[in-house]
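Trainee:
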Amino acid sequence: MKIHTRSNIDGISRRAQELVEKINSSRASNQKVMDSFQEKLVAKVTEICMQMKEHMYTVYEENSNEMQVKLQELSEVLESCIMLNNELQDANEALASLREGLAINKTLESQ
């Protein structure tokens, strides 16, 4: 019976060692799967971030173009305001001269 028991113990030990090796092999396989998943996930996130950046820059460019148009319009309006202000000042000076001329004429007539 000792031989039979020893043989059983050796068999159990061998099977336990095989199970440990199988578990270790499964763990190594799991690690490879996780590493591959991580690489693919990082690549996908990087790709999506690049797409978002490209879209962001496209929006920036569109907004810049629109702002440039609006700034040009503002510049034209301000230039018109400056011209109108100058014309108003000229008209004000002309009216002041006319008023002075009328005052002088009234003074001469009353003498």
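Going by the numbering used here, 1118 is the number at position 105 of the sequence shown; the sequence numbering is gapless. A virtual CB, placed ideally from N, CA and C, is assigned to each residue, including glycine.
(1) Between the alpha carbons of E1074 and S1049, how many angstroms are there, rounded?
(2) For N1105, collect the residues of the same chain with a Cβ closer than 7 Å to its Cβ; drop the 5 residues on either side in sequence, then sort them by chain order.
(3) Express the C-alpha separation of E1086 and M1096 in angstroms, rounding to a whole number.
Mentor: To lay it out plainly:
(1) 37 Å
(2) none
(3) 15 Å
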